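Undergrad:
Numbering (my numbering), first residue to last: 72 to 213.
(1) Does DSSP put residue 116 in a helix, in a strand, or in coil?
(2) If we ignore side chains and look at the alpha-carbon of each, how far apart do residue 185 and residue 100 end up?
(3) Tell me where the alpha helix (DSSP H) around residue 105 begins and ends.
(4) Cα-Cα, which of 168, 91, 114 is closest to residue 183?
(5) With respect to the beta strand (DSSP E) encompassing residue 86, which residues constitute its N-terminal and C-terminal limits?
(6) Do you know whose CA, among 175, 166, 197, 171, lies nearest residue 109's CA?
(7) By the DSSP assignment, the beta strand (DSSP E) with residue 97 in it spans what residues?
(8) Alpha carbon to alpha carbon, how far is residue 158 from residue 111?
(9) Between which residues of its own chain and residue 205 is the CB-CB distance below 8 Å, once the five residues before and five after are set aside?
(10) Below 6 Å CB to CB, which residues in the same chain sit around residue 135 once its five sequence neighbours on both sides are set aside?
(11) Output needed for residue 168: all residues of its chain with C-beta closer than 8 Å, excluding positions within five of it in sequence on either side, in chain order.
(12) Just to confirm my understanding: we take residue 76, look at its own chain, exclude 5 residues before and 5 after, and list those with CB closer than 6 Å. What are they?
Put into structure tokens, the structure is as follows:
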């Protein structure tokens, strides 16, 4: 049986469900994620698009695309951030905080060259993105 995780926006109007297991989990330190999340780092869980569904409140879900790489989705009622579709990667980032039942097990830091919150946790720190996602794949020291 496939495990499912449910989450919702800040006011509860938009509800989502993610099924199975994320493809990857980690932290993004880029300026865009920091600005969007309102925090010093964004905890991500990357899913295949077919594994993520809006199960309620789709009429209150809006999208903002600053770049072709990131289509950020949020609730129009409360402004609560839910997820970011990454069409060029073929993945959806469901913000880890959106899925309270998910056992968040980060495996990597991306865009660590932009960090404002150094984290000494022993995880790999990539300067930008993995090479398979169009980045340099270059690791940098904690």
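Even for Gly, the Cβ is constructed at its ideal location relative to N, Cα and C. Since this is a predicted model, take the numbers as computed values, not measurements.
TA: Working from what's here:
(1) strand
(2) 6 Å
(3) 102-108
(4) 114
(5) 86-90
(6) 166
(7) 95-99
(8) 25 Å
(9) 159
(10) 143
(11) 114
(12) 89, 170, 172, 173
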